[in-house]
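Visitor: Here's a structure for you.
Residue numbers (this note's numbering), protein chains in the order written: chain E, 106 to 531; chain R, 65 to 546.
Here you go:
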């Protein structure tokens, strides 16, 4: 490969100032990309991908760079394709409650545009000032409010992608209900950019609630909090988030459960009242948080699983299981962390069976802990791994089912393994 | 393998009660609710397990014969029509609810379970299966999954895809897989997501873990009457824009009111040009406030009456009228063509004007009963099938509705699927590249094109690229002549 010619060609597409050689700020697990290129339009993105495919050289799509530690390191030398210049709102008629945005728009920028019209996209993510919509969709990341509003799976109504050859294709549309053709949104969502690069996405929006508040329940042991979780699950309450917290300094308690309610003022007050009553029965203290305190709490919780700046001795994982198994899984994770002398922080979507765990300590101890964790939670994904362990630990859990079928899909879309090679399950 | 050998082989797999081969009986399987294109299958099978489905699929693959899945046959796009003959696999005997797991918010059932029966079964537990197509008293879960079905309550609770947690599928090579167990974020591609709504073209669902939705603490239903449909459509647009989130917003127009009035004794004034059914639900607190705000918007848009359904019986009566409106159309014309399109919600009033224009242009009455809150239109073109001119005009009117919907930024199907009915309209919405990507997904599951072939993708010319992607593996003509 002649890097100079490639660089010249990419500069011809996107402009000299948008192509960089060996950029030090785009390193993934110690690997520096050959080049980073930042196309400024869909057409440029398509041409860039086509040029790289012709080389052929591997490509790593890059949004805000907050989740580049997820999964495995790149398997081959690569060029980073940045989406930061693709940050426009393409179509927004507020009264339709739908929006179309380019992949490089940050979550905060999108939120600001929607808030001006009293609307929201209820997808939460760590570091919303940096995290982009493209990155959120590629990793299917979301936050505590998925309990109340669903995940990107439920909110994404259309998509436009650039496939490995540079070919542009779309699916879905700008309406909230649509069965015209296959649901390709589901295919690209959470596929780590291994089938195509997301160029733009359409969402169904939600009006901002008239009222919002939360109730924070602190405890010295986890048991009463899980009693509270069960009481909420059995009730007809419809909280938007029920988050279990452990080892979070800002909470001023070793264990906590926090419940958010959004909606009409009377409905929110009813939730606060009922949860407080359940908490009293379970014997835990409560504190109601409103306005800035409420917003600050959830912003803090959202950032706990961040992977933009993990410590060198830190293993960040996501555990998923059936909701009723979560307490058992976290109990085992806690016991294993104590035994290995690791510090452990947990934020868990208590009614969804999803937990983010940050463990810090010696390499040997982390290895032992991870092995113990896999036994109780085979679906454990590594979101950030210390360099000493990255080659060794399985990034996507104990076993990947239906791998052959997934490989056939990958083969159809990216037979030359150009898109994010090595980093995902295929 | 000749026909007799094929039937013998199927009877060996399924027992004699599991195979339908009599020509008269086969005739009843030549279409679903869409009767524009009909074609008989060569044989119909009634398996009771995934293993039996797998054995049928392996046999079909061996002889190169198409497989056509069939639930209750209520589909409106021809998804269950055996366009190239072959083996129909009916889910009629796979109708068991296997496990209710409230601790994990999920229920396991077979594909032949009737949507309505599932929700009735779940009621004593305090739960429901939220998607509720109008045909819910007959349609099956398997069909709901295949078509990613909707229903009035999708406005608040989302479409079927949001309620399918994992599926057991027999793939075109006969293998049986589970796509998950109901846990979130399984590593790899979202197979559950791509199989849902694929209209039986890439896999045969033999069981599913479905999401349980808690029954709401309180429900309020109101029927608002308007002199013209424009007022009702504007109300819906404004309710959505104002940020209120009702559970359902359904419109019936003058013709539909006339049809359901006699049947359900609603006593609606037939002078009313439109009825808007509004449902709100949730915790009791705040519900009246929500309803007051919605009814205020009704009054502002010229409502002539707003009638609350005060008792459960009254609520059920209003809903029965709405959900059975299509059946009541028989009172107005011998045949109807129900068109299913979607537009952005601010475009509803203009689109309804256009539907009125189309009715006049093609000289056919069009009734409207639709999921207004989602922008999901259902113009019902009334005609007499025996009249060739009317037949032709009905088809042209439907095409016009689709084109108008696309012009307003909409799509050609919101919940009924593409099937055979709309396959040739796919090019109005999608480029060859768009369709080729979908064909790529199809190829990775069904490279021989034996699963429900001749559906979804456009037939005819102009799609050479696509056709090349979808390699045909059918050697059926040889079998047919034997």
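Think of the CB as a built atom: it goes at the ideal place given N, C-alpha and C, for glycine as much as any other residue.
Note down, in chain order, every chain R residue with its Cβ under 9 Å from the Cβ of residue 532(E).
Guide: Nothing can be reported for residue 532(E): it is not among the residues displayed for chain E, which extend from 106 to 531.
Visitor: Could you list which residues in chain E have their beta carbon closer than 8 Å to that of residue 490(R), in chain order?
Guide: Under the 8 Å cutoff, chain E gives 285, 286.
Visitor: Span of the beta strand (DSSP E) holding residue 391(E)?
Guide: Residues 390-395.
Visitor: Please go through the same chain and pick out, in chain order, the residues whose beta-carbon is closer than 8 Å to the beta-carbon of residue 468(E), but skip the five residues on each side of it.
Guide: Excluding positions up to five away in sequence, the list reads 418, 491, 493, 494.
Visitor: Cα-Cα, which of 242(E), 437(E), 313(E) is closest to residue 304(E)?
Guide: Answer by Cα proximity: 242(E).
Visitor: Cα separation between residue 557(R) and residue 276(E)?
Guide: Only positions 65 to 546 of chain R appear in the structure, and residue 557(R) is not among them; the question remains open.
Visitor: Tell me residue 133(E)'s beta-bridge partners as DSSP assigns them.
Guide: Residue 133(E) pairs with 136(E).
Visitor: What three-state label does DSSP hand residue 149(E) in the structure shown?
Guide: Here residue 149(E) sits in helix by DSSP.
Visitor: Assuming residue 165(E) and residue 183(E) make a contact with CB atoms under 8 Å, what is their CB distance in whole Å?
Guide: Their Cβ separation, rounded to whole angstroms, is 5 Å, which keeps residue 165(E) and residue 183(E) in contact under 8 Å.
Visitor: Among 251(E), 143(E), 436(E), which one has its Cα closest to the Cα of residue 366(E)?
Guide: Ranking the options by Cα distance to residue 366(E), first place goes to 251(E).
Visitor: Are the C-beta atoms of residue 534(R) and some chain E residue less than 8 Å apart?
Guide: Residue placement at residue 534(R) is poorly supported in this model, since its pLDDT is 38, which falls under 50; the coordinates still yield a value, given next. No, no contact with chain E.
Visitor: Any residues in the segment 164-190 of chain E with a beta carbon nearer than 7 Å to a beta carbon of chain R? Which ones, in chain order?
Guide: Of all residues in the segment 164-190 of chain E, none has a Cβ within less than 7 Å of some Cβ in chain R.
Visitor: If you follow the alpha helix (DSSP H) that residue 496(R) is in, where does it begin and where does it stop?
Guide: Element bounds for residue 496(R): 496-509.
Visitor: For residue 192(R), which residues in chain E fall below 7 Å Cβ to Cβ?
Guide: Those within 7 Å of residue 192(R) in chain E number zero; the least Cβ separation is about 12 Å.
Visitor: Does residue 528(R) have its Cβ less than 8 Å from a Cβ in chain E?
Guide: Residue confidence for residue 528(R) is low, a pLDDT of 41 falling below 50, so the modelled location carries little weight and cannot support an answer.
Visitor: Taking just the CA atoms, how far does residue 168(R) sit from residue 509(E)?
Guide: Taking the straight line joining both Cα atoms gives about 29 Å.
Visitor: By the 10 Å Cβ neighbour count, where 16 or more other Cβ atoms means buried, how is residue 399(E) classified, buried or exposed?
Guide: Label assigned to residue 399(E): buried.
Visitor: Less than 8 Å separating the beta-carbons of residue 462(E) and residue 438(E)?
Guide: Going by C-beta atoms, residue 462(E) is nearer than 8 Å to residue 438(E).
Visitor: Distance cutoff 8 Å, beta carbons only. Does residue 476(E) sit that close to anything in chain R?
Guide: No, residue 476(E) lies away from the interface with chain R (no Cβ there is under 8 Å from its Cβ).
Visitor: Residues bridged to residue 167(E) by DSSP?
Guide: Partner(s): 187(E).
Visitor: Tell me, to the nearest whole angstrom, how far the beta carbon of residue 114(R) is from that of residue 209(R); I am working on the premise that it is less than 8 Å.
Guide: Going by Cβ atoms, the distance from residue 114(R) to residue 209(R) rounds to 15 Å, so no, they are not a contact pair.
Visitor: In chain order, what residues of the segment 338-358 of chain R put their CB closer than 7 Å to some CB of chain E?
Guide: So the list reads 346, 347, 349, 350, 353, 354, given in the order they occur along the chain.
Visitor: Which residue marks the beginning of the beta strand (DSSP E) containing residue 388(R), and which one marks its end?
Guide: From DSSP, residue 388(R) is part of no beta strand (DSSP E); its letter is neither H nor E.
Visitor: Cutting at 8 Å between CB atoms, please list the residues of its own chain near residue 69(R), excluding the five before and the five after it.
Guide: Correct list: empty, nothing qualifies.
Visitor: Using a Cβ cut-off of 8 Å (strictly closer), state whether residue 408(E) contacts chain R.
Guide: With 8 Å as the cut-off, residue 408(E) does not count as an interface residue toward chain R.
Visitor: In or out: residue 262(R) buried (at least 16 other Cβ within 10 Å) or exposed?
Guide: Classification of residue 262(R): buried, given that the 10 Å Cβ count is 16 or more.
Visitor: Of the residues 371(E), 530(E), 512(E), which one's Cα is nearest the Cα of residue 509(R)?
Guide: Looking at the Cα atoms, 512(E) is the closest of the given residues.
Visitor: Which one of 281(R), 251(R), 236(R), 429(R) has the shortest CA to CA distance from residue 259(R)?
Guide: If we check each option's Cα against that of residue 259(R), 236(R) comes out closest.
Visitor: Please list, in chain order, the chain R residues whose beta carbon lies closer than 7 Å to that of residue 371(E).
Guide: Here the neighbours are 349, 350, 353.
Visitor: Could you check whether residue 506(R) and residue 140(R) sit closer than 8 Å to each other, using their CB atoms as the reference points?
Guide: No, Cβ-Cβ distance for residue 140(R) and residue 506(R) is not below 8 Å.
Visitor: So, are the CB atoms of residue 307(R) and residue 207(R) less than 8 Å apart?
Guide: No, the pair does not count as a contact, with Cβ atoms beyond the cut-off.
Visitor: Taking a contact to mean a Cβ-Cβ separation below 8 Å, would you say residue 368(E) touches residue 350(R) in this structure?
Guide: It is a contact, given that the beta carbons lie within the stated cut-off.
Visitor: Which value, in whole angstroms, describes the spacing of the CA atoms of residue 200(E) and residue 224(E)?
Guide: Residue 200(E) and residue 224(E): Cα-Cα distance of roughly 10 Å.
Visitor: Flag this pair as yes or no: are the beta carbons of residue 447(E) and residue 465(E) separated by less than 8 Å?
Guide: Their beta carbons are under 8 Å apart, which means residue 447(E) touches residue 465(E) by this criterion.
Visitor: What residues in the segment 484-512 of chain E bring their beta carbon closer than 8 Å to a beta carbon of chain R?
Guide: Against chain R - using a Cβ distance shorter than 8 Å - the residues of the segment 484-512 of chain E are 484, 486, 501, 502, 505, 506, 507, 508, 510, 511.
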